[in-house]
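**Student:**
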Amino acid sequence: MRKIVASLSVVLMLAATAVAQEKMKDAPKSGHEGMAKAGGAKSDAAVIAKATSAAPPDIARNAAVMGTGPDGKMKELRAGTNGWMCMLDLAGDSMCLDKEWQAWGDAWMNKKDPPKPKTVGVAYMLKGDKGASNTDPYAMKPTADNQWVVSGPHIMILPTDVSQLDAYPTDWSKGGPWVMWKGTPYAHIMVPTTSMAKSTSKAPAEKKGADKK
167 MRKIVASLSV
177 VLMLAATAVA
187 QEKMKDAPKS
197 GHEGMAKAGG
207 AKSDAAVIAK
217 ATSAAPPDIA
227 RNAAVMGTGP
237 DGKMKELRAG
247 TNGWMCMLDL
257 AGDSMCLDKE
267 WQAWGDAWMN
277 KKDPPKPKTV
287 GVAYMLKGDK
297 GASNTDPYAM
307 KPTADNQWVV
317 SGPHIMILPT
327 DVSQLDAYPT
337 DWSKGGPWVM
347 WKGTPYAHIM
357 VPTTSMAKST
367 SKAPAEKKGA
377 DKK
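In terms of the numbering used here, the sequence shown has 330 at position 164, counting the first letter as 1, and numbering is strictly consecutive.
#1: Which term fits Tyr290, buried or exposed, when burial requires 16 or more other beta carbons within 10 angstroms of its beta carbon?
#2: Let me confirm a value: Gly238 is counted as buried when at least 16 other C-beta atoms fall within 10 Å, else exposed. Which label applies?
#3: Is it buried or exposed, Arg168, if we count other Cβ atoms within 10 angstroms and call 16 or more buried?
#4: For the candidate residues Leu263, Met322 and Trp267, whose alpha-carbon lies nearest to that of Pro151?
#5: Kindly identify the DSSP beta-bridge partner or partners of Glu242.
#6: Below 8 Å, can you find three or more Cβ-Cβ pairs linking the segment 221–232 to the segment 252–268?
#7: Nearest CA to the CA of Asp279: which residue from Ala269, Thr285, Glu242 and Val286?
#8: Helix, strand or coil for Ala226? Go by DSSP, reduced to three states.
#9: Where do the ends of the beta strand (DSSP E) carrying Met291 lie?
#10: Is Met306 helix, strand or coil by DSSP?
#11: Could you compute how far the alpha carbon of Thr382 sits from the alpha carbon of Lys282?
#12: Can you give the Cα-Cα distance for Lys307 and Thr247, rounded to whole angstroms?
#13: Which stretch, first to last residue, makes up the beta strand (DSSP E) that contains Trp338?
#14: Once you ignore the five residues that flank Pro319 on each side, which residues in its own chain have a CB closer than 6 Å to its CB?
#15: I need the straight-line Cα distance from Lys284 to Trp267, nearest angstrom please.
#16: Out of curiosity, what's the CA-to-CA distance linking Ile214 and Leu243?
#17: With distances taken Cα to Cα, identify the nearest neighbour of Asp302 among Pro222, Ala217 and His354.
As structure tokens, this is what we get:
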């Protein structure tokens with residue numbers, strides 16, 4: 167459960183809108199209290215239904231679900247049996263994470279290198295998100311040069327070998343899988359399941375060998 171709570175911060179970074187991130191400036195740095203302020207008036211049943219909509223039914227039905235209590239602190243709304251955890255971010259977007267992604271989230275929150283995945287890590291956001299920088303893991307809002315990307319339904323992959331990232335571009339505009347946060351410890355593969363992502367920035371110019379870092 168410690169890893170589950172720690173991984174809540176992942177969603178703040180991957181799915182929160184610029185407006186939501188602005189609100190976080192007055193929240194505790196861990197992000198947990200900021201998460202707690204979101205959707206506090208929603209019933210547990212409503213939060214569970216929306217949070218679990220991020221993943222396929224066979225995963226969602228047995229996943230743990232995190233939400234907030236009347237005191238604004240994080241609590242487990244539903245116990246899980248399959249190792250997955252689903253939740254809503256500050257903007258109300260849903261995400262479901264496997265154990266590898268939960269460990270990754272703990273590392274991101276503490277600004278340390280994530281552990282090497284023992285198996286391929288998978289996270290579902292089948293309802294899409296409201297935006298994240300394609301280059302800066304800690305960007306709070308879009309800028310002229312941080313390639314802010316709003317993704318439709320997608321899956322996120324953590325490879326067991328970082329060299330596997332070299333097989334994919336960093337350009338989201340092609341409509342296929344791409345690498346987000348290339349060159350950082352938090353690089354991962356974004357896999358669209360429907361239409362391509364949208365951005366407020368121009369697509370990055372891919373140069374031969376540029377991603378072979």
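C-beta: ideal position from N, C-alpha, C; glycine also. Given the structure is predicted, the values throughout are model-derived calculations rather than measurements.
**Tutor:** Quick answer:
#1: Along the sequence shown, read from residue 1 onward, the residue named residue 290 stands at position 124. So Tyr290 ends up on the buried side.
#2: Mapped onto the sequence shown, residue 238 falls at position 72. Gly238 should be labelled exposed.
#3: Here residue 168 refers to the residue found at position 2 when the sequence shown is read from its first residue. Bear in mind that the predicted position of Arg168 carries a pLDDT of just 41, short of 50, making it too unreliable to give a figure here.
#4: Absent from the model: residue 151. The displayed extent of the chain is 167 to 379, so no value can be given.
#5: For this step, residue 242 is matched to residue 76 along the sequence shown. DSSP, once it has assigned bridges, lists Met232 as partnering Glu242.
#6: yes
#7: Translated into positions along the sequence shown, residue 279 becomes position 113. Ranking Ala269, Thr285, Glu242 and Val286 by Cα distance to Asp279 puts Ala269 first.
#8: If you number the sequence shown from 1, residue 226 lands on position 60. Helix.
#9: By 1-based counting over the sequence shown, the position of residue 291 is 125. Its beta strand (DSSP E) spans residues Gly287 to Met291.
#10: Here residue 306 corresponds to residue number 140 of the sequence shown, with the count starting at 1. Reduced to three states, the DSSP call for Met306 is coil.
#11: For residue 382 there is no data in the structure shown, the boundaries of the chain being 167 and 379.
#12: As a first step, residue 307 must be located in the sequence shown, where it is residue number 141. As a first step, residue 247 must be located in the sequence shown, where it is residue number 81. For Lys307 and Thr247, the distance between alpha carbons rounds to 36 Å.
#13: Against the sequence shown, residue 338 aligns to sequence position 172. Taken as a continuous stretch (DSSP letters only), Trp338 belongs to no beta strand (DSSP E), as it is neither H nor E.
#14: In the sequence shown, residue 319 corresponds to position 153, counting from 1. Within the same chain, Pro319 has close Cβ partners Leu292, Gly294, Thr359 and Thr360.
#15: In the sequence shown, counting from the first residue as 1, residue 284 sits at position 118. In the sequence shown, counting from the first residue as 1, residue 267 sits at position 101. Approximately 11 Å between the Cα atoms of the pair.
#16: Locating residue 214 in the sequence shown gives position 48, where the first residue counts as 1. Locating residue 243 in the sequence shown gives position 77, where the first residue counts as 1. Their backbone Cα atoms lie some 7 Å apart in a straight line.
#17: Residue numbering aside, residue 302 sits at position 136 when the sequence shown is read from its first letter. Cα-wise, what sits closest to Asp302 is His354.
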